[in-house]
Amino acid sequence: MPKNLYISILVKEPNKNPKHKRIRNTLEEIEIILKGNFDLLRYDNESFIAYNYKSNSKCQIQIGNHILNGTIVIIGNDEERGDFTTLRKEQIKEFQKEFSNKDTKVIEKDDLEM
300 MPKNLYISIL VKEPNKNPKH KRIRNTLEEI EIILKGNFDL LRYDNESFIA YNYKSNSKCQ
360 IQIGNHILNG TIVIIGNDEE RGDFTTLRKE QIKEFQKEFS NKDTKVIEKD DLEM
């Protein structure tokens with residue numbers, strides 16, 4: 300079976316609600332969104348969270364025991380082929396609800412009133 304040329308993903312930028320996007324199914328497309336190399340965090344059996352592990356963003360999101368900086372991409376997982384796949388409409392709705400307003404602002408020492 301041929302690889303999906305285009306896939307549906309969700310992009311969660313700091314202080315914004317997740318947005319549905321359709322992209323080419325390449326590592327380069329995800330690197331463009333995340334502004335560099337990325338790592339994957341298994342979210343569930345059918346999806347991954349892609350994140351730039353070198354992000355210097357002060358905005359974070361907590362996913363389970365993991366704290367991730369900056370923009371994240373929620374992407375489908377095709378375990379049989381070992382590839383990314385499109386998110387289903389139900390997943391998109393579920394993740395949009397789950398990741399809306401989920402940011403945590405990091406408070407710098409200078410921001411604290413003494």
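Take 300 as the starting number for the sequence shown in the numbering used here and just add one per residue. The beta carbon of each residue, even a glycine, is placed where N, CA and C say it ideally should be.
Subject >> Pairwise C-alpha distance: ALA349 and LEU339 >> reply: 5 angstroms
Subject >> Buried versus exposed, by CB contacts within 10 Å (16 or more), THR370 >> reply: buried
Original post:
Among TYR342, GLY335, HIS365, which has the Cα closest to the Cα of SER354?
Top reply: Of the candidates TYR342, GLY335, HIS365, the one whose C-alpha sits nearest the C-alpha of SER354 is GLY335.
Original post:
DSSP state of LEU326, grouped into three classes?
Top reply: LEU326 falls in the helix class under three-state DSSP.
Original post:
Measuring CB to CB, does PRO317 end up less than 7 angstroms from ASP402?
Top reply: Result no, Cβ atoms of PRO317 and ASP402 do not sit closer than 7 angstroms.
Subject >> Three-way DSSP call (helix, strand, coil) for LEU304 in this model >> reply: coil
**OP:** Count the other C-beta atoms from every protein chain shown that fall within 10 angstroms of the C-beta of ILE308, then say buried if there are 16 or more, exposed otherwise.
**Re:** buried
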